[in-house]
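Enquirer: Here it is: the structure, laid out below.
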Amino acid sequence: MASHQKIHPHNLSSSAHDDQQLDFESPQVPTVPLVPRGSSKSDDSHHCPPFQRTIPVIHTKPPRKRRSCCCRFLCWTLSLVFLLILLVGAAAGILYLVFQPKLPKYSIDRLQITQFNLTSNSSLIATFDVTITARNPNKKVGVYYEGGSRISVWYTGTSLCQGSLPRFYQGHRNTTVLDVVLSGQTEDANTLITSLQQQQQQTGIIPLNLRVIQPVRIKLGEFKLMKVKFRVRCRLDVDNLAANNAINIRSSSCKFRFTI
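Residue numbering for the sequence shown is 1 to 260, as defined by the UniProt record's numbering.
If you want it as structure tokens, here you go:
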């Protein structure tokens, strides 16, 4: 008879127990975590990145163009003003070279007093006849003496008499002699008369000031310029102020300037 071999199953429980015991007794080797610390992993298939705090970006505004426009406008304005000054200076220089203007000259040639009386109410009435010589030394410049002039005679800040010059035109290299009558009245003149008498007794000289303000227009060739004012101041030293008496002018000097 054929022998029959029986195969007995292996004791699985004891084998599993032995394996578990071997695993427990074997040293545990540390493993590297699959997920870094501080992060998380979801069982879901989609990976969510860790939350990061966003820093807001501040956009600076571009500089305004208004300031640059103002600077540009200011530069243009200053340039135009400088150019105008150069043009005016160049024109004035050319005119000066062409016409070579010179200042007019004035002198007081004669002074006659026809009235110098103190009235009963202490008012001084004075009438002066003044001869003035005006000289224009220019070759190409004429002078128009306009209306509205004022001429006056003063003593120590007090106006004695007033008048005006006639209107006339003074041509090139011309000398004009003007006879002007001045008259005036001064109130409360007792102190003034006393001062005049003391001045004459002490020094023998009475200082007077003659002032002229004359509107004129200058003629350059065929062109008339704008109206300006001649201002003349003359200092006179006379020996007396007696009416209807010969008055000697000891010395005289005049200063001239013009204003707009």
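Built from N, CA and C at the ideal position, the CB exists for glycine as well.
N190 by DSSP, collapsed to three states: which one?
Expert: If DSSP states are grouped into helix, strand and coil, N190 belongs with the helices.
Enquirer: Leaving out the 5 sequence neighbours to the left and right, which residues in its chain are closer than 7 Å to G93 when beta-carbon positions are compared?
Expert: Result list for G93: empty, nothing under 7 Å.
Enquirer: Give the straight-line distance between the Cα atoms of F256 and K229, rounded to the nearest whole angstrom.
Expert: F256 and K229: Cα-Cα distance of roughly 11 Å.
Enquirer: Pick helix, strand or coil for S183, following the three-state DSSP scheme.
Expert: In this structure, S183 counts as strand in the three-state DSSP scheme.
Enquirer: Leaving out the 5 sequence neighbours to the left and right, which residues in its chain are closer than 8 Å to residue 261 when beta-carbon positions are compared?
Expert: This structure does not reach residue 261, given that the chain is present from 1 up to 260, and the question cannot be answered.
Enquirer: Return the chain-ordered list of same chain residues with a C-beta closer than 7 Å to the C-beta of S107, the five sequence neighbours on each side being excluded.
Expert: Hits under 7 Å: T133, S252 and C254.
Enquirer: Roughly how far, in whole angstroms, is the beta-carbon of L208 from the beta-carbon of V153, given that I think they are within contact range, below 8 Å?
Expert: Yes, L208 and V153 are in contact; Cβ-Cβ is about 6 Å, under 8 Å.
Enquirer: Report the rounded CA-to-CA distance for C234 versus S68, giving the unit in angstroms.
Expert: Spanning the two alpha carbons is a distance of roughly 58 Å.
Enquirer: Here's a check: name, in chain order, each residue in its chain whose Cβ is nearer than 7 Å to the Cβ of T175, leaving out the five neighbours to either side.
Expert: So the list reads T133 and R135, once near-sequence residues are dropped.
Enquirer: Examine the Cβ distances between the stretch 209-223 and the stretch 153-168 and report whether three or more of them are shorter than 8 Å.
Expert: The stretch 209-223 vs the stretch 153-168: in contact.
Enquirer: Taking the continuous beta strand (DSSP E) assigned at A134, which residues delimit it?
Expert: Taken as a continuous stretch (DSSP letters only), the beta strand (DSSP E) holding A134 covers L124 to N136.
Enquirer: In terms of residue numbering, what span does the beta strand (DSSP E) encompassing P215 cover?
Expert: That run of the beta strand (DSSP E) goes I206 to L220.
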